[in-house]
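**Student:**
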Amino acid sequence: MRDTTLLQLALGLAPPWAVSRSDFDPEAHRLDIQIDFAPGSRFACPTCGAADCPAYDTERMTWRHLNFFQHEAYLNARVPRVNCGKCGIRKVTVPWARPDSGFTLLFEALVMTLVSAMPVKAAARMVGEHDTRLWRVVHHYVEQARARTDAAGVTRIAIDETAARRGHDSITLFVDIDQARVLFVTEGKDAATVAALADDLAVHGGVPEAIGEVCIDMSPAFIKGVAEGLPNAAITFDKFHAVKAINDAVDQVRRAEQKQQSLLRGTRYIWLRNPANLSDRQHATVESLPTRHLKTARAYQIRLAFQELYDQPSAEAAAGFLKKWYFWATHSRLEPVIDAARTVKRHWDGILRWFDSKIANGLIEGINSLVQAAKAKARGYRSTRNLKAIVYLLAGKLDFRLPA
Ligand SMILES: [Zn+2]
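Written out as structure tokens, the structure is:
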């Protein structure tokens, strides 16, 4: 078999395209495959699809293709421009690459596979390309796949923010709870982000009014955003955020008390954990403390009791439990705990809603840590646009329709 025939079969080229020559430069580690079309070939207009357009002129183009063993491989061709009666002069689309890409489709498929497993920069180093070229590929496929996202039938959404860049900015993630996928990502963490989600839903066949359940933290911005943008959604306040509000109060009590009680130094993480999660050493520390006389220990007991709320068998039982807990907490004479209890009181319905909806942000927290881990590995992203693309790539369950 001649090498041109072999390459033609391997590339899967069909008429009018054929391999005309190949040049291998072992020193440059480079294989160049020349592709040409048969003289007199006719092409379809890339704009209107009209068949049988004659070539008007040609332009030489080169595409990076999958490596040939350890050598870089490139396809080279003169690409015809056709003169379409309707559209004028148009460059034809070649079957092995997207218009205006310097990579073949198969090379782009390799890039997309690499970047789902490693930072774009690492993938760029691996294939010997600049990472801005790879980012262009990532954005193209993410945008295409995002455009095809089907949000029809989405009824339950979890909303949470995550740090974007240098800890200042945030992005808000909207997760389709039932399909465990990120539906939408946007900058900011205010009410407008929920409005943006509602618009995006509508664009993708979803119905904002059909969203019946949302899970959010207790921030006023999200509450307002949901009321305005998702008018039929019942709010469940995420239980981890609710517990965290009490936990923060415990930490405040500890910080204040530590100023008088040096015994409390170095115990911060003990009070943030559940007893079952303490190490042997932490257990020993707790046993050595005069817990009966410590405000911190009292605050801690109140927090542990709050967690028991979620073990109640029904919404009615939980409402009764919460009332008793509230009485206890507000009579604790511990200011931060009283404040936290009042916060709970203001969000009572949404906290108890959990007993009907059983939705929490555990899923979104998992996605969050995935995103933050990727961000750390990449040592941050040059732009929020890049970060958003990575969120969709890792957690959007998008169909990139990559060639196999
Ligand atoms: Zn045309």
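Just so we're aligned, residue 1283 is where the sequence shown starts under our numbering, counting upward by one. Beta carbons are placed, not taken as given, at the ideal position from N, Cα and C, and that holds for glycine. Predicted, not measured: the structure shown is a model, and the values here were computed from it.
With a 10 Å radius around its C-beta and 16 neighbouring C-beta atoms as the bar for buried, classify Lys-1368 as buried or exposed.
**Tutor:** exposed
**Student:** List the DSSP bridge partners of Phe-1466.
**Tutor:** Phe-1456
**Student:** Give the DSSP-derived three-state secondary structure of Glu-1598 in the structure shown.
**Tutor:** helix
**Student:** With DSSP run on the structure shown, which of helix, strand or coil describes Ala-1533?
**Tutor:** Here residue 1533 is Asp; the residue named in the question, Ala, does not match the sequence. Annotated three-state conformation of Asp-1533 is helix, per DSSP.
**Student:** Kindly examine ligand 2 and report whether one of its heavy atoms sits closer than 6 Å to the Cβ of Lys-1368.
**Tutor:** Among the ligands present in this structure, namely ligand 1, ligand 2 is not found.
**Student:** Beta carbon of Asn-1643, beta carbon of Asp-1520: below 7 Å?
**Tutor:** Yes, these two residues count as a Cβ contact at 7 Å.
**Student:** Thr-1666: which of Trp-1417, Leu-1604, Ser-1302, Phe-1603 sits nearest, CA to CA?
**Tutor:** Trp-1417
**Student:** Tell me which residue opens and which closes the beta strand (DSSP E) that Tyr-1356 is part of.
**Tutor:** 1353-1366
**Student:** Between Thr-1375 and ligand 1, is the CB less than 6 Å from at least one heavy atom?
**Tutor:** Answer for Thr-1375: no, Cβ out of range of ligand 1.
**Student:** Rounded to the nearest angstrom, what separates Asp-1307 and Gly-1470 at their Cα positions?
**Tutor:** 52 Å
**Student:** For Ser-1570, is the classification buried or exposed, using 16 other Cβ atoms within 10 angstroms of its Cβ as the cut-off for buried?
**Tutor:** exposed
**Student:** Roughly how many angstroms lie between the CA atoms of Ile-1641 and Cys-1497, to the nearest whole one?
**Tutor:** 7 Å
**Student:** Judging by CA-CA distance, which residue of Lys-1657, Tyr-1551, Arg-1635 is the nearest neighbour of Ala-1597?
**Tutor:** Arg-1635
**Student:** When you compare only the Cα positions, how much space is there between Cys-1649 and Ala-1677?
**Tutor:** One point to set straight first is that residue 1649 is Ile, not Cys, in the sequence displayed. Taking the straight line joining both Cα atoms gives about 7 Å.
**Student:** For ligand 1, I want to know if Ala-1337 counts as a neighbour, meaning its beta carbon is within less than 6 Å of at least one of the ligand's heavy atoms.
**Tutor:** no
**Student:** By the three-class DSSP mapping on this structure, what secondary structure does Asn-1643 have?
**Tutor:** Per DSSP, reduced to three states, the secondary structure at Asn-1643 is coil, with no helix or strand assignment.
**Student:** Let me check you understand the geometry: is the CB of Ala-1332 closer than 6 Å to at least one non-hydrogen atom of ligand 1?
**Tutor:** yes
**Student:** So, using beta-carbon positions, are Phe-1466 and Asp-1482 closer together than 7 Å?
**Tutor:** yes
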